[in-house]
Every structure is written in C-alpha cells, then in structure tokens.
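One structure below.
Protein chains in written order, with the numbering used here: chain V, 2 to 152; chain E, 71 to 320.
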C-alpha cells in the first residue's frame, strides 16, 4: 500500500499547488486539498470534520472549498462553505464532481484536481473577487491525514 | 559592426532555445500518464472483478517478497484517453513503465502488464534487466493465455492468467541470482577477510590481522547499505525499460 505522502510525486504536488495559487490570485476565496486513507460510512460527515479541523470555517466570507480524497475507498468529496454555496448556480457542485471523477477514473489524479480547482477558482473569482489587501487566510499546502492512529 | 553581429548571434541563439523549449512541450503532448493508485493493480478501465484483482495483488506481493521482482497490472480505457504523444501501445507502455519507474533500479527487473480495452490491445513490458531472451516467452503468455480470454470478453480471467504466466516465466530462470549477485560476492569476501585475519593473528602478524578484520567490518557495513538500498516500503524502485516484451491484439 502506498503511503499517503507518496501518493503525489513532488512534480504533481507542484502542479496542484500552482493551480491553487493561480485560482486564489483572482479571488478572496480559499481552496485546499486533503488526503485521507479510509472513508467511513458517512463520507460527507468525515469531509465536514476535516473541513473544520483544517480551520476552513474561519474564512471571513465563508468562501473556502475543500477537496478530500479517500484513497482506499477510491472516493472523493468536494465541500464548499455557505458563502460560496449560496452563490453558485444549481448543479455546479455536481458538474465539478463529474469533471473530477472523469479524470480520477482514468488515474489522472493530478489533472482531475487541477481541473476541479480551476472550475471552482473561476466561480469564486466571479462572486468573491480578489481584494487589494487580500491575505491568504489558509496555507495552500496539501494536507495529509496522520497515519497510525484511528480518526 | 562587431556588436551587431553579436546581437544577431544572440537572437539566433534565443530563437534556438525557444524552439527547443516549444518542441519539448509539443513532444510531451497535451495529456499525461495515469498515476499509480496501487502498487500492484491499477484497474482504470474497471474490467477486473474484485476476487481476481485481490488474487493478482497477493501473487505480486509474494513475487516481490520472494524475488524482488516488481510486477504491475494496469488497465486503461484507451490510449487516446490520455492524449499523450504516443501513437502505439508499445511506446505508451514503455513511457508509462519509465514514468512510474517500475522495478528495482539496479536489477531493472520490473514487469508491466498493460491492457487497453477499447484499442483491443495489450502489452507485457519488461525491465531492461531481462534482455531480449524473455520476449518470446512473453509473446506466448500474451497469445496463449491472455488474448483467448479477451476475445470472449473475459478481461478479468485473461489478466489473471497473464499475471500467472508472467510469474511463471520470470521466476523460472533469472532473477534471484542477478538480484543478489553483489550480496553474495561481498558475503564471500567478508568470510575470506575474517579467515585471513584469524590466520594472520595466529601466525603472530597482529597488524595485518586487525587490518583484515577492519576490511571485513567495512564490507559488512556496505552489505547492510546494499540490503536497505533497494527496499522501498512503498511505491516503485525507479527501474527502467528500453522496450523489451511482447504485444498482442484481439
């Protein structure tokens, strides 16, 4: 079994971080990626928990979006905060999900995330334009679950 | 005049650099290769049933444990789905093999079984360590064990049989000696040094005796390093292939 940290090569990780930086340069919104080993029965609940434990509820405009990959179950989740969820058109999340899923199925994990981040970045830029003194409220780095202890 | 010439040379130089960069980008194509989600089975085309996938995983895990050979199964919907610059299954498989770095870096003993479902093509790619001596055996595995099942649409069974055939044919002759060659040589040298040291001390030549013991200790450290070097707990070992193996279609 691969370790969580080894899931992305350094090069792939750089591509993802570049996509996040690019998206965030046009919006006050925040995007993060989290890698988990196992999904439980309620994937969405786990995603919400990760969202909160990463402090993503703390953005001023509630405009953070989190991607979570559950490697063992081949599942992923996208969770946007209230602020962004209120503004995006109906079916937006499903559309992003489909794009990401189509790539993931083929094993294109990096490309899938990059596309998803682009889509969400574009929506965020529309509703939450970049402010002059915008500060990066959250770190951009990919977050990996700590292994060895059940969560 | 001289300056003008110089700047012209600089422009030419820059143009050449730009051309090299842009051709490098074009040559790599728009798309990228799939990324490994598992060390043994990556069923991107979703044609394997769960028990077969599990069986292959167990078989390959044992193979790696016993012989050091890293074998991987990859299924893809089609080569086109990845929009790489590869026109054939041969070049796609070789490039995927080298991108992932399948096999032990020194022994180059990796094996990649790739099945492209919509293209109706498959390939077994061997690491550079096998030489061309195994190509014929791999062709037999492809034509005799895999393609017949693929023709009936039973991809899962075909891949399972192919995996079995690969294990049988790769473990028969090579590998462990090639893989452990240096370990054995160093081990023998250590024993020789220890005996030489003992006999020197017995004959009163203490200085030489300790020198031999010192060499033995250093060789031992080197052996330890050698043993830990190739063992990656996860992921692939960095092996490469120059395109040996066999392909088939149905």
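A virtual CB, placed ideally from N, CA and C, is assigned to each residue, including glycine.
To be precise: take each residue of the region 67 to 86 of chain V, compare its Cβ to all Cβ atoms of chain E, and keep it if any distance is under 9 Å. Which residues remain? 72 and 75
Taking only beta-carbon atoms, is residue 112(E) less than 8 Å away from chain V? As a first step, residue 112(E) must be located in the second chain, where it is residue number 42. Yes, residue 112(E) counts as interfacial toward chain V.
Beta-carbon separation (whole angstroms), residue 110(E) vs residue 143(E), contact threshold 8 Å: The residue given as residue 110(E) occupies position 40 in the second chain. The residue given as residue 143(E) occupies position 73 in the second chain. Indeed, because the Cβ distance is near 7 Å, the residues count as touching under 8 Å.
C-beta atoms of residue 194(E) and residue 211(E) nearer than 8 Å: Your numbering for residue 194(E) matches position 124 in the second chain. Your numbering for residue 211(E) matches position 141 in the second chain. Yes; because the gap between Cβ atoms is below 8 Å, this pair is in contact.
Straight-line gap, residue 46(V) to residue 133(E) (C-alpha atoms, nearest Å): Here residue 46(V) corresponds to residue number 45 of the first chain, with the count starting at 1. Here residue 133(E) corresponds to residue number 63 of the second chain, with the count starting at 1. Rounded to whole angstroms, residue 46(V) to residue 133(E) spans 39 Å at the Cα level.
Just the Cα atoms here: how many angstroms apart are residue 133(V) and residue 44(V)? In the first chain, residue 133(V) corresponds to position 132, counting from 1. In the first chain, residue 44(V) corresponds to position 43, counting from 1. Cα-Cα distance, rounded: 37 Å.
Suppose only complete runs of 4+ residues qualify. What are the alpha helix (DSSP H) ranges in the region 2 to 55 of chain V, listed by chain order? 11 to 25 and 44 to 54
Nearest candidate by alpha-carbon position, reference residue 38(V), set 51(V), 95(V) and 99(V): Within the first chain, residue 38(V) is the residue found at index 37, counting from 1. For the residues 51(V), 95(V) and 99(V), the minimum Cα distance to residue 38(V) belongs to 51(V).
Is the distance from the Cβ of residue 89(V) to the Cβ of residue 117(V) below 8 Å? Residue 89(V) sits at position 88 when you count from the first residue of the first chain. Residue 117(V) sits at position 116 when you count from the first residue of the first chain. Against a cut-off of 8 Å, the Cβ pair of residue 117(V) and residue 89(V) comes out as no contact.
Residue-chain proximity (residue 188(E), chain V), Cβ-Cβ < 8 Å: As a first step, residue 188(E) must be located in the second chain, where it is residue number 118. Taking Cβ atoms only, chain V never reaches closer than 8 Å to residue 188(E), which makes this a no.
Per-residue contacts from residue 102(E) into chain V (C-beta, under 8 Å): Your numbering for residue 102(E) matches position 32 in the second chain. Simply 109, 111 and 112.
So which residues of chain E does residue 99(V) contact, with C-beta pairs closer than 9 Å? Taking the first residue of the first chain as 1, we reach residue 99(V) at position 98. Residues of chain E passing the Cβ test: none, with the nearest at roughly 16 Å.
Nearest residue (CA-CA) to residue 36(V), options 5(V), 13(V) and 100(V): Residue mapping note: residue 36(V) aligns to position 35 of the first chain, counting from 1. Residue 36(V) has its Cα closest to that of 5(V), out of 5(V), 13(V) and 100(V).
Would you mind reading off the limits of the beta strand (DSSP E) that contains residue 161(E)? Mapped onto the second chain, residue 161(E) falls at position 91. Run containing residue 161(E): none in the beta strand (DSSP E); it sits in the alpha helix (DSSP H), 159 to 170.
Taking the alpha-carbon of residue 226(E) as reference, which of 258(E), 292(E), 124(E) and 252(E) has the nearest alpha-carbon? The count along the second chain starts at 1 and reaches residue 226(E) at position 156. Nearest option by C-alpha distance: 124(E).
Is the region 263 to 275 of chain E touching the region 154 to 171 of chain E in the sense that three or more CB pairs, one from each, lie closer than 8 Å? no
Cutoff 8 Å; reference residue 221(E); Cβ partners in own chain excluding five residues on either side: For this step, residue 221(E) is matched to residue 151 along the second chain. 320.
Can the beta-carbon of residue 177(E) be found less than 8 Å from the beta-carbon of residue 138(E)? Translated into the one-based positions of the second chain, residue 177(E) becomes position 107. Translated into the one-based positions of the second chain, residue 138(E) becomes position 68. Yes, they are a contact pair.
Using a Cβ-Cβ cutoff of less than 6 Å, which residues in the same chain neighbour residue 119(E) once the five nearest sequence positions on both sides are dropped? One-based indexing of the second chain puts residue 119(E) at position 49. For residue 119(E), where only same-chain residues beyond five positions count, the Cβ hits under 6 Å are 226.
For a contact defined as C-beta to C-beta under 7 Å, what are the partners of residue 147(E) on chain V? Here residue 147(E) refers to the residue found at position 77 of the second chain. Those within 7 Å of residue 147(E) in chain V are 107.
For the candidate residues 260(E), 115(E) and 273(E), whose alpha-carbon lies nearest to that of residue 286(E)? By one-based count along the second chain, residue 286(E) stands at place 216. Taking only the C-alpha atoms, the option nearest residue 286(E) is 260(E).
Return helix, strand or coil for residue 306(E), following the three-state DSSP convention. For the purposes of this step, residue 306(E) is taken as residue 236 along the second chain, with counting starting at 1. In the structure shown, residue 306(E) sits in coil (DSSP, three-state: anything other than H, G, I, E or B).
Residue 314(E) versus residue 201(E): straight-line alpha-carbon distance, rounded: Taking the second chain and counting its residues from 1, the one referred to as residue 314(E) is at position 244. Taking the second chain and counting its residues from 1, the one referred to as residue 201(E) is at position 131. Looking at the two C-alpha atoms, the distance is approximately 7 Å.
6 Å Cβ shell around residue 278(E) - same chain, five flanking residues per side excluded: In the second chain, the residue the question calls residue 278(E) occupies position 208. Cβ within range, chain order: 270.
Selected residue, minimal CA-CA separation from residue 129(V), among 49(V), 83(V), 73(V) and 12(V): As a working note, residue 129(V) is residue 128 in the first chain. Selected option, being the one with the closest Cα: 83(V).
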